[in-house]
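Residue numbers (my numbering): 2 to 363.
Using N, Cα and C, we set each Cβ at its ideal position, and we do this for glycine too.
Quick notes on the structure that follows.
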Ligand SMILES: Cc1ncc(COP(=O)(O)O)c(C=O)c1O
């Protein structure tokens with residue numbers, strides 16, 4: 002069996018350090034917003050070259066709290082992509098704002114930056130780009146549009162820890178950058194976790210309040226907030242993994258290059274645009290024979306996943322928005338053709354060769 006990812010093998014490589022870090026927390030008995038969360042926030046802000054980082058309970062909460070702190074709510078519109086995980090749009094809907102979709106670039110699966118401007122209305126308050134599968138969205142163009150129209154930008158970096166554009170890390174372009182530490186992510190916890198990175202001290206203060214019941218501390222509450230704190234035990238694990246995440250990302254890139262070499266003649270391989278540093282959270286091919294490829298891989302005991310089979314504008318909870326099939330042809334075509342293959346730092350090259358042989362046979 003070749004799984005999509007191999008967290009068991011990853012754990013073996015860092016077992017002693019993880020257990021040591023967890024024991025420190027257990028012995029300290031500081032389980033909520035303790036020193037490990039503080040240290041992890043500091044290291045994450047250094048890593049991204051930003052002044053602030055706020056640990057929260059999940060990537061979804063990072064998005065929701067960011068939009069809330071930026072004052073986005075009922076009557077507002079937020080521009081985003083229809084080709085992403087459902088959480089992106091849930092975060093917008095939680096605030097009472099309306100998601101407005103823009104179709105994707107077929108080669109990177111990211112929001113087409115050139116098409117954003119035509120969707121801006123007097124209700125538009127923010128743009129929420131997603132760095133799909135680890136390839137950064139075109140942040141320089143998106144920031145330019147946002148500046149000209151005075152819009153906020155919240156980056157969904159859930160799938161792209163360590164990715165960059167012309168050397169600048171994703172998450173450091175927008176008003177906030179939102180990360181998920183869901184276990185399968187490039188930097189994954191052993192449970193849920195999330196982080197918001199930003200350069201605005203006041204906004205960071207608002208976010209720190211929002212994640213902790215709207216509290217200023219000492220049981221004085223400025224607003225109605227949430228219980229959305231990054232767990233101290235997860236921070237202890239993440240501190241260990243942060244030290245190796247760049248190495249893991251380069252290993253993912255090597256695996257992706259091998260796939261590219263072996264599959265180039267057979268399917269459409271993922272692209273990396275010039276100046277963009279792709280971290281291959283997923284290695285996602287396109288083929289009109291996608292279902293047949295998936296069936297053959299399954300018969301051979303090889304996992305593969307369709308991320309995502311139904312674009313968000315066609316999901317039933319979005320039916321109120323009045324979108325229909327045909328509205329976003331590039332996203333709809335991607336949903337019919339994409340297939341994500343196993344990729345992780347631990348994946349053996351021989352497994353990639355085996356997968357490529359099966360794809361060639363189709
Ligand atoms: C693009 C995207 N946005 C948001 C999320 C939500 O993150 P979480 O599961 O940590 O809430 C995920 C992943 O799970 C994701 O892939």
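Take residue 285, set aside five residues on each side of it, and the residues of its chain with a beta-carbon closer than 6 Å to its own are 134, 271, 339 and 341, in chain order. Looking at the DSSP output, residue 178 sits in a beta bridge with 156 and 198. A residue is listed when its beta-carbon falls short of 6 Å from at least one non-hydrogen atom of ligand 1; in chain order these are 59, 60, 61, 85, 86, 88, 89, 131, 157, 159, 160, 181, 183, 193 and 195. Around the beta carbon of residue 3, 16 or more other beta carbons sit within 10 angstroms, so the residue counts as buried. Sorting 120, 158 and 311 by C-alpha distance to the C-alpha of residue 282 places 158 at the top.
Between residue 312 and residue 333, the C-beta spacing is below 8 Å.
Cα atoms of residue 239 and residue 45: separation of roughly 10 Å, rounded to the nearest angstrom.
Residue 125: not part of any alpha helix (DSSP H); member of the beta strand (DSSP E) spanning 125-129, first to last residue. Annotated three-state conformation of residue 262 is helix, per DSSP. Counting only unbroken stretches of 4 or more residues, the alpha helix (DSSP H) elements lying wholly within the stretch 75-102 are 87-95, in sequence order.
Of the candidates 91, 80 and 127, 80 places its Cα closest to the Cα of residue 113. Excluding residues up to 5 positions away in sequence, 184 lie with their Cβ nearer than 7 Å to the Cβ of residue 8 in the same chain. A Cβ-Cβ contact shorter than 8 Å links residue 267 with residue 360. Distance from residue 323 to residue 181 at the Cβ level is roughly 30 Å; contact not present, criterion being Cβ atoms closer than 8 Å.
The three-state secondary structure of residue 287, taken from DSSP, is strand.
Taking 8 Å as the cut-off, the beta carbon of residue 186 is found no closer than this to the beta carbon of residue 15.
A direct Cα-Cα distance of roughly 44 Å separates residue 103 from residue 18.
For residue 56, the number of other beta carbons within 10 angstroms of its own is at least 16, and it is reported as buried. Collapsing the DSSP output to three states places residue 213 in a strand. In the DSSP assignment, residue 60 falls within the alpha helix (DSSP H) that extends over 60-70. When the Cα atoms are used, residue 48 and residue 362 turn out to be separated by approximately 43 Å. At a Cβ-Cβ threshold of 8 Å, residue 105 and residue 129 do not count as neighbours.
Per DSSP, reduced to three states, the secondary structure at residue 146 is helical.
The bridge partners DSSP lists for residue 54 are 198. DSSP, read as helix, strand or coil, puts residue 228 in strand.
Each of 100, 140 and 78 was checked against the Cα of residue 88, and the nearest Cα belongs to 100. The straight-line gap separating the alpha-carbon atoms of residue 297 and residue 262 is approximately 21 Å.
Straight-line measurement puts the Cα of residue 178 at about 15 Å from the Cα of residue 43. Closest by C-alpha distance to residue 140, out of 120, 220, 150 and 175, is 175. Contact check between the stretch 206-224 and the stretch 164-174: fewer than three CB pairs, one atom from each, fall below 8 Å, which does not count as touching. With distances taken between CA atoms, residue 137 lies nearest to 275 out of 275, 72 and 235.
In the three-state scheme derived from DSSP, where H, G and I count as helix and E and B as strand, residue 356 is classed as helix.
Beta bridge pairing from DSSP links residue 169 with 166.
Less than 8 Å separates the beta-carbon of residue 37 from that of residue 236. By the 16-neighbour rule on beta-carbons within 10 angstroms, residue 354 is exposed.
For residue 45, the three-state secondary structure derived from DSSP is helix.
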